[in-house]
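S.K.: What follows is a structure written as structure tokens; I'll ask about it next.
Protein chains: 2
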Amino acid sequence: MVHIQILGNLDKGGNFVEDTQKKNFLFSFVISYTETCEIPGITVAGQNKEIIKFTPPADAEFLHYGSCKCIETIPMTPDGKPTPALLTKTALEVASIPHIVINAGSKIMPQIPYLETGIKSGKNISLEPALDRSDVLHAVDYGRIIGRTLASLTDCLVIGESIPGGTTTALAVLKGLGINAMVSSSMPQNPIELKKKVVFDALKRLGSDDPYEIVSNVGDPMIPLVAGMISSASQITNVMLAGGTQMAAVLAFGKSVGFNQDKLAIGTTSYIIEDKSANFVDTVTKIADVPILVVNPRLEHSKIAGLRAFSEGFVKEGAGAGGSMISAILKTGIDTQTLLELIEKEYRKII
Amino acid sequence: MVHIQILGNLDKGGNFVEDTQKKNFLFSFVISYTETCEIPGITVAGQNKEIIKFTPPADAEFLHYGSCKCIETIPMTPDGKPTPALLTKTALEVASIPHIVINAGSKIMPQIPYLETGIKSGKNISLEPALDRSDVLHAVDYGRIIGRTLASLTDCLVIGESIPGGTTTALAVLKGLGINAMVSSSMPQNPIELKKKVVFDALKRLGSDDPYEIVSNVGDPMIPLVAGMISSASQITNVMLAGGTQMAAVLAFGKSVGFNQDKLAIGTTSYIIEDKSANFVDTVTKIADVPILVVNPRLEHSKIAGLRAFSEGFVKEGAGAGGSMISAILKTGIDTQTLLELIEKEYRKII
Chain A
1 MVHIQILGNL DKGGNFVEDT QKKNFLFSFV ISYTETCEIP GITVAGQNKE
51 IIKFTPPADA EFLHYGSCKC IETIPMTPDG KPTPALLTKT ALEVASIPHI
101 VINAGSKIMP QIPYLETGIK SGKNISLEPA LDRSDVLHAV DYGRIIGRTL
151 ASLTDCLVIG ESIPGGTTTA LAVLKGLGIN AMVSSSMPQN PIELKKKVVF
201 DALKRLGSDD PYEIVSNVGD PMIPLVAGMI SSASQITNVM LAGGTQMAAV
251 LAFGKSVGFN QDKLAIGTTS YIIEDKSANF VDTVTKIADV PILVVNPRLE
301 HSKIAGLRAF SEGFVKEGAG AGGSMISAIL KTGIDTQTLL ELIEKEYRKI
351 I
Chain B
352 MVHIQILGNL DKGGNFVEDT QKKNFLFSFV ISYTETCEIP GITVAGQNKE
402 IIKFTPPADA EFLHYGSCKC IETIPMTPDG KPTPALLTKT ALEVASIPHI
452 VINAGSKIMP QIPYLETGIK SGKNISLEPA LDRSDVLHAV DYGRIIGRTL
502 ASLTDCLVIG ESIPGGTTTA LAVLKGLGIN AMVSSSMPQN PIELKKKVVF
552 DALKRLGSDD PYEIVSNVGD PMIPLVAGMI SSASQITNVM LAGGTQMAAV
602 LAFGKSVGFN QDKLAIGTTS YIIEDKSANF VDTVTKIADV PILVVNPRLE
652 HSKIAGLRAF SEGFVKEGAG AGGSMISAIL KTGIDTQTLL ELIEKEYRKI
702 I
């Protein structure tokens with residue numbers, strides 16, 4: 001029995017699982033930055049503005065080294081809850097899934113080899129347009145090239161991301177594209193009112209309903225890059241978008257770039273699905289006929305408080321944690337209980 | 352009949368061919384820079400100092416786009432003989448072999464996604480040490496990471512390079528390591544005396560026979576990066592070093608880093624083997640028990656003068672041309688006559 005739940009189109013989800021079981025996976029990890037994360041109170045992916053920008057490269061370093069280079073500890077919430085990259089690393093390692101880091105505008109470069117794209121960081125959408133239109137076109141073009149290359153090297157290309165503040169820009173892009181999504185967050189008291197205000201103010205700038213204009217005005221650099229990646233990659237191999245709301249925004253913009261929805265799935269954690277403040281499955285199925293694969297990391301059963309916090313609404317998803325666990329399960333048949341024990345072991349190593 | 356000649360250890364060469372026939376290949380293209388190329392008369396990979404530095408990124412762009420972005424034409428010798436990347440591109444394209452660009456200290460970044468390593472350019476070895484010792488260690492470390500990742504994605508990792516002036520630094524490293532190599536060049540009147548003088552002067556600085564000291568003092572950034580790559584990659588999959596003298600230097604330094612010589616081969620053109628001023632097969636077999644696969648591109652049969660020039664001693668090899676053609680032959684069974692026709696077609700496209 002495979003420990004994966006399928007939501008949305010069950011036939012397509014079943015086909016995706018069948019197509020990728022016992023196959024080779026490649027995890028690509030897109031690190032990026034939007035100055036939107038500097039709005040006080042909007043994210044907890046780091047303790048303050050000066051530290052937030054280190055979260056994406058630190059996550060990337062942690063996936064490889066099991067420790068970070070650009071900061072001394074691993075990324076944590078202020079009260080010590082670890083980055084979901086802990087789940088990602090454990091899953092990739094147990095299943096021997098290779099990974100590659102892609103820089104799409106991170107402020108800090110990771111101390112590890114990474115694919116460089118020349119994409120700039122995104123601006124704070126509460127103050128000004130996020131990107132120039134030419135930046136969006138560049139990101140889509142480079143995404144297409146990267147997607148084509150990586151897809152030709154694997155049976156399933158998994159795409160995860162780390163961009164603090166990214167749920168807010170994702171919400172803005174979804175709303176801008178006419179999708180009435182609610183949005184998840186890495187905080188249990190989701191600062192929905194603050195996010196709504198930021199999004200509302202940003203959307204007032206929109207002068208057109210052109211998707212490229214929407215992403216450049218209220219989005220972030222990760223969205224067009226990953227949209228480009230799925231566009232080319234889904235023509236070649238299976239592609240799993242590993243994440244929550246942000247990947248819904250990628251999907252929504254991706255419809256304008258084009259993709260093969262028979263080769264595409266979303267992979268995420270049960271915490272995203274169960275999040276009462278979001279409506280993830282509805283949002284995704286409204287956008288495209290793409291199945292959603294769900295793993296329950298069972299962190300509520302953990303003996304470790306820092307891990308139980310995930311199941312209590314903290315973090316929930318990020319760094320492609322859900323998709324990585326699903327990939328490990330598909331590739332090796334490992335069960336979630338064993339994965340949990342390995343995650344706890346990894347946790348003890350870093351503390 | 353496969354149009355590949357095996358030299359060196361025939362058994363190992365035969366095994367390599369058998370292991371990789373009809374399999375998947377990945378071509379990695381390392382672009383780099385040594386200020387040694389700025390010594391007047393030492394290279395023709397570009398018309399002058401200001402243009403030479405564009406050759407590696409332009410080659411990388413050409414492989415992908417079929418044209419260059421950072422310069423207006425494609426890299427040419429002063430009298431219009433095209434870059435060997437023309438052969439590389441044709442071979443990769445006909446065999447649907449994906450490629451990935453790795454930046455190891457190029458002065459100019461290519462306008463295409465590339466793996467960034469944070470490695471600095473090399474200094475002019477006729478004037479000063481090429482690299483700090485810490486640069487060499489960094490390059491080997493990053494090479495190991497890249498080699499491990501790329502090797503896990505393919506049945507055969509092919510490694511080519513573009514570093515103007517690199518035959519001189521290769522010669523210095525070989526001599527420094529006690530290997531009495533002669534050296535090939537991209538000019539028919541190989542400026543052997545000039546190279547010998549540069550190497551002789553550089554070697555005078557050596558205070559020890561430690562290989563890391565030799566590479567940092569008289570080498571270039573490509574050599575330790577690729578040595579790191581073959582070190583990890585050859586533990587996982589088949590690895591082909593695509594090139595001439597420079598890959599001999601990688602092999603020689605690589606012995607200190609460690610590699611699995613049962614999974615390693617050199618792939619090159621017959622022009623390197625036939626070069627009277629070099630002694631390539633002797634040099635390689637003295638270093639390691641690694642087979643040499645050779646393709647005859649038959650350019651002497653071309654109707655196009657710019658291509659015939661290759662067979663007359665110009666260029667001979669570079670941008671992984673030989674190894675790429677061998678990979679295409681191994682993967683698809685294409686014969687060299689058909690390859691030549693495709694190369695001519697590609698040539699006509701760019702002129």
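Protein chains in written order, with our numbering: chain A, 1 to 351; chain B, 352 to 702. Glycine included, C-beta positions come from ideal geometry on N, C-alpha and C.
Residues of chain B with a CB under 7 Å from the CB of residue 149(A): which are they?
M.R.: 449, 451, listed in chain order.
S.K.: Check the DSSP bridge columns for residue 551(B) and list the partner residues they point to.
M.R.: BP columns for residue 551(B) are empty, so no partner.
S.K.: To the nearest angstrom, how far is it from the Cα of residue 436(B) to the Cα of residue 671(B)?
M.R.: Distance between the alpha carbons of residue 436(B) and residue 671(B) is about 8 Å.
S.K.: If you drop the 5 nearest sequence neighbours on each side, which residues of the same chain put their C-beta closer than 8 Å to that of residue 17(A)?
M.R.: 2, 4, 6, 293, 330.
S.K.: Tell me residue 51(A)'s beta-bridge partners as DSSP assigns them.
M.R.: Paired residue(s): none; residue 51(A) is not in a bridge.
S.K.: Could you list which residues in chain B have their beta carbon closer than 8 Å to that of residue 33(A), in chain order?
M.R.: None at all; the shortest Cβ gap to chain B is about 16 Å.
S.K.: Are the C-beta of residue 330(A) and some C-beta of chain B separated by less than 7 Å?
M.R.: Not one chain B Cβ lies under 7 Å of residue 330(A).
S.K.: Relative to the C-alpha of residue 668(B), which residue among 362(B), 432(B), 472(B) is closest?
M.R.: It is 432(B) whose Cα lies nearest to the Cα of residue 668(B).
S.K.: In chain order, which beta strand (DSSP E) runs of at least 3 residues are fully inside the stretch 431 to 506 of chain B?
M.R.: Entirely contained in the stretch 431 to 506 of chain B, the beta strand (DSSP E) runs reaching 3 residues are, in chain order, 450 to 455, 465 to 467.
S.K.: Cutting at 7 Å between CB atoms, please list the residues of its own chain near residue 14(A), excluding the five before and the five after it.
M.R.: Hits under 7 Å: 6.
S.K.: Taking the straight line between their C-alpha atoms, what separation do you get for residue 696(B) and residue 653(B)?
M.R.: Near 11 Å, if we compare the C-alpha coordinates of residue 653(B) and residue 696(B).
S.K.: If you scan the stretch 359 to 395 of chain B from start to end, which runs of the beta strand (DSSP E) of 3 or more residues do you find wholly inside it?
M.R.: Those beta strand (DSSP E) runs which fall completely within the stretch 359 to 395 of chain B and span 3+ residues are 376 to 383.
S.K.: How about residue 588(B): is its C-beta nearer than 7 Å to some C-beta of chain A?
M.R.: No, its Cβ sits nowhere closer than 7 Å to a Cβ of chain A.
S.K.: In chain order, what residues of the same chain have a beta carbon less than 6 Å from the beta carbon of residue 375(B), not counting five sequence neighbours either side?
M.R.: Contacts found: 505, 506.
S.K.: Give me whichever residues DSSP pairs with residue 352(A) in a beta bridge.
M.R.: Past the boundaries of the shown model lies residue 352(A); chain A is included only from 1 to 351, so the question cannot be answered.
S.K.: Do the CB positions of residue 252(A) and residue 157(A) come within less than 7 Å of each other?
M.R.: It is not a contact, given that the beta carbons lie outside the stated cut-off.
S.K.: Counting C-beta neighbours from all protein chains within 10 Å, is the total for residue 497(B) 16 or more, i.e. buried, or is it exposed?
M.R.: Classification of residue 497(B): buried, given that the 10 Å Cβ count is 16 or more.
S.K.: Which residues in the same chain as residue 446(B) place their Cβ atom closer than 6 Å to its Cβ, once the five residues preceding and following it in sequence are excluded?
M.R.: Cβ within range, chain order: 679, 682, 683.
S.K.: Exposed or buried, what is residue 207(A) when buried is set at 16 or more other beta-carbons lying within 10 Å of its beta-carbon?
M.R.: With fewer than 16 Cβ atoms within 10 Å of its Cβ, residue 207(A) is classed as exposed.
S.K.: At least one CB of chain A closer than 7 Å to the CB of residue 472(B): is that the case?
M.R.: Residue 472(B) does not count as touching chain A.
S.K.: Which two residues bound the contiguous alpha helix (DSSP H) that contains residue 182(A)?
M.R.: Note, residue 182(A): premise wrong, no alpha helix (DSSP H); not H, not E.
S.K.: Cα-Cα, which of 274(A), 286(A), 284(A), 163(A) is closest to residue 104(A)?
M.R.: Ranking 274(A), 286(A), 284(A), 163(A) by Cα distance to residue 104(A) puts 163(A) first.
S.K.: Quick one: residues in its chain with C-beta nearer than 7 Å to the C-beta of residue 400(B), no 5 flanking neighbours on either side, listed in chain order?
M.R.: Cβ neighbours of residue 400(B) beyond the five flanking positions: 389.
S.K.: In the DSSP assignment, the alpha helix (DSSP H) including residue 601(B) goes from what residue to what residue?
M.R.: Taken as a continuous stretch (DSSP letters only), the alpha helix (DSSP H) holding residue 601(B) covers 596 to 608.
S.K.: Using alpha carbons as the reference points, say which of 419(B), 549(B), 591(B) lies closest to residue 611(B).
M.R.: Among 419(B), 549(B), 591(B), the Cα nearest to that of residue 611(B) is on 591(B).
S.K.: Could you check which residue in 466(B), 657(B), 553(B) has the C-alpha nearest to that of residue 501(B)?
M.R.: When each option's Cα is compared against that of residue 501(B), the closest is 466(B).
S.K.: For residue 224(A), which residues in chain B fall below 8 Å Cβ to Cβ?
M.R.: Correct list: empty, because the minimum Cβ distance to chain B is about 14 Å.
S.K.: Would you say residue 169(A) and residue 220(A) are within 7 Å of each other, going by their C-beta atoms?
M.R.: A contact, by the Cβ cut-off of 7 Å.
S.K.: Can you round the beta-carbon distance between residue 605(B) and residue 673(B) to whole angstroms, since I take them to be within the 8 Å contact cut?
M.R.: About 19 Å; that fails the 8 Å criterion.
S.K.: Can the beta-carbon of residue 62(A) be found less than 7 Å from the beta-carbon of residue 70(A)?
M.R.: Against a cut-off of 7 Å, the Cβ pair of residue 70(A) and residue 62(A) comes out as no contact.
S.K.: Enumerate in chain order the residues of its own chain whose CB-to-CB distance from residue 341(B) is below 7 Å, with the five nearest sequence positions on each side excluded.
M.R.: With chain B represented from 352 up to 702, any question about residue 341(B) goes unanswered, as that position is not in the structure.
S.K.: What's the gap between the Cα of residue 54(A) and the Cα of residue 444(B)?
M.R.: Whole-angstrom Cα-Cα distance: 39 Å.
S.K.: Quick check: what's the CA-CA separation for residue 579(B) versus residue 417(B)?
M.R.: In a straight line, the C-alpha of residue 579(B) is about 30 Å away from that of residue 417(B).
S.K.: Among 12(A), 257(A), 325(A), which one has its Cα closest to the Cα of residue 338(A)?
M.R.: The option with the nearest alpha carbon to residue 338(A) is 325(A).
S.K.: Name the chain A residues that come within less than 7 Å of residue 705(B), Cβ to Cβ?
M.R.: Here chain B covers residues 352 to 702 and nothing more, so residue 705(B) does not appear.
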